[in-house]
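Its first residue numbered 1, the sequence shown is counted upward by one per residue in full-length UniProt numbering.
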Amino acid sequence: MAAAATGAGLLGAAGRPVALITGGSSGIGRAMALSLAGKGFDLALVSRGAERLEAARTEISAAVPQARIAVRTADVGDADQAREAVAGITAELGVPRWAVMNAGVARPGRFLEQPLDDHLMQMRTNYLGALHVAHALAPAMADAGGGRMIFVSSGAAFFGIYGYGAYAPSKFAMRGLAEVLRVELADRDISVTLAYPPDTDTPQLVAENETKPAATKAITAGGGLWPAERVAEKIILAAEKGRFTVAPGLQMQLLAHGHSLLSPALRLWQARVARSHRD
1 MAAAATGAGL LGAAGRPVAL ITGGSSGIGR AMALSLAGKG FDLALVSRGA ERLEAARTEI
61 SAAVPQARIA VRTADVGDAD QAREAVAGIT AELGVPRWAV MNAGVARPGR FLEQPLDDHL
121 MQMRTNYLGA LHVAHALAPA MADAGGGRMI FVSSGAAFFG IYGYGAYAPS KFAMRGLAEV
181 LRVELADRDI SVTLAYPPDT DTPQLVAENE TKPAATKAIT AGGGLWPAER VAEKIILAAE
241 KGRFTVAPGL QMQLLAHGHS LLSPALRLWQ ARVARSHRD
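Below, the structure written as structure tokens:
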């Protein structure tokens with residue numbers, strides 16, 4: 001089962017491939033962890049919340065007792081913490097065969113009202129968090145014979161969305177990094193998958209909706225609410241097949257394949273929606 005999921009490649013110390021997942025204690029990350037454990041992976045879960053990490057480890061261990069699960073409490077937005085987490089995981093389990101850059105936060109708001117700290121925090125977590133882990137892991141992964149990197153982005157990386165002045169740039173940046181790594185790392189047998197999840201039933205979405213302006217809610221509506229398990233399944237399947245882009249749902253697929261052509265119309269539509277919700 002493990003070989004089918006990973007192809008020929010490095011196995012961890014226990015003879016199972018290792019998957020590192022940031023933001024692995026809840027939401028999409030937790031769902032991916034549970035699925036990958038069932039496919040034969042040992043897990044390395046990284047998150048800022050120790051309590052949630054332990055809860056995730058307990059849940060996955062009960063479901064897949066044979067999986068070894070290492071947890072690291074770290075803020076991957078801090079380069080030193082990210083590097084130390086990767087080094088500790090590698091020492092404990094071996095070089096990860098899969099790395100899922102999933103840690104993220106969204107705090108929408110109008111640009112004229114949103115403090116600069118919100119912009120810096122989202123760029124630090126969403127983009128720099130992914131960069132720090134990828135940069136720390138890529139040399140060891142290349143030396144070990146390759147692997148897979150998965151970047152969990154957002155539909156906000158396709159075009160500017162009202163209310164996402166702090167969030168969208170961090171996801172645009174992640175998209176740019178993934179585009180570059182796709183071509184640069186290919187000759188080292190490291191494949192890259194860039195995921196654009198639809199609205200997903202996670203604690204993060206609940207928190208996001210607390211600060212989302214009314215116009216933003218109207219603009220982002222229509223894609224439905226997906227369970228984290230279904231989104232995780234779509235992302236893993238795409239990565240197993242070596243696909244670069246995975247965009248579950250009709251709305252995300254249209255944006256993934258036609259955002260450049262659709263952007264002028266989307267800008268006009270957003271302007272109308274914003275006017276209708278003007279305070």
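C-beta: ideal position from N, C-alpha, C; glycine also.
This one's a predicted model, so the numbers in the text were calculated from it and none came from an experiment.
Top-ranked residue by Cα proximity to residue i, from the options
i    : options                : result
L116 : M141, L268, Y167, S61  : Y167
V105 : H119, L36, L53         : H119
L128 : F159, G147, G176, G88  : G176
K39  : P248, R278, V86, P65   : P65
G23  : G94, T58, T125, A67    : T125
L262 : I150, W98, F158        : F158
A130 : Q81, M32, I236, F111   : Q81
G249 : R267, V71, K234, Y162  : K234
L254 : A144, Y196, D189, G165 : Y196
V76  : A63, R30, E59, N102    : N102
P264 : P213, I161, N209       : I161
R48  : I69, S26, D201         : S26
Q204 : L20, A19, R30, G15     : R30
G146 : S153, L20, E113, I190  : I190
M174 : R107, Q251, V192       : V192
First and last residue of the uninterrupted beta strand (DSSP E) at residue i
i           : result
A103        : Per DSSP, A103 belongs to no beta strand (DSSP E) and is neither H nor E.
T73         : 69–73
residue 309 : Within the shown structure, residues of the chain are numbered from 1 to 279, placing residue 309 beyond reach of any answer.
D143        : Run containing D143: none in the beta strand (DSSP E); it sits in the alpha helix (DSSP H), 129–143.
S35         : Counting along the chain, S35 falls outside any beta strand (DSSP E), though it belongs to the alpha helix (DSSP H) covering 27–38.
A44         : 42–47
Where the alpha helix (DSSP H) containing residue i begins and where it ends
i    : result
D118 : 116–122
A178 : 168–184
R16  : Element bounds for R16: n/a, residue is neither H nor E.
L250 : 250–276
D80  : 79–93
A63  : 50–63
Assigned exposure category for residue i - 16 Cβ within 10 Å defines buried
i           : result
P96         : buried
G109        : buried
R57         : buried
residue 287 : In the structure as shown, the chain starts at 1 and stops at 279, and residue 287 therefore has no counterpart that could be examined.
A247        : buried
A271        : exposed
A156        : buried
D42         : buried
L137        : buried
S170        : buried
V133        : buried
R267        : exposed
D199        : buried
V206        : exposed
F111        : exposed
P17         : buried
G242        : exposed
V98         : According to the sequence as given, residue 98 is Trp; it is not Val. The residue in question, W98, is buried, as its Cβ has 16 or more Cβ neighbours within 10 Å.
S260        : exposed
L45         : buried
E113        : exposed
Practice item. Taking only runs that begin and end inside the segment 191–239, name each unbroken beta strand (DSSP E) of 3 or more residues, in chain order. Key: Those beta strand (DSSP E) runs which fall completely within the segment 191–239 and span 3+ residues do not exist here.
Exercise for review: Give a yes or no on contact between the segment 176–185 and the segment 215–226, applying the rule of three or more CB pairs nearer than 8 angstroms.
Suggested key: Counting C-beta pairs with one atom in each stretch, the segment 176–185 and the segment 215–226 have fewer than three that are closer than 8 angstroms, which means they do not touch.
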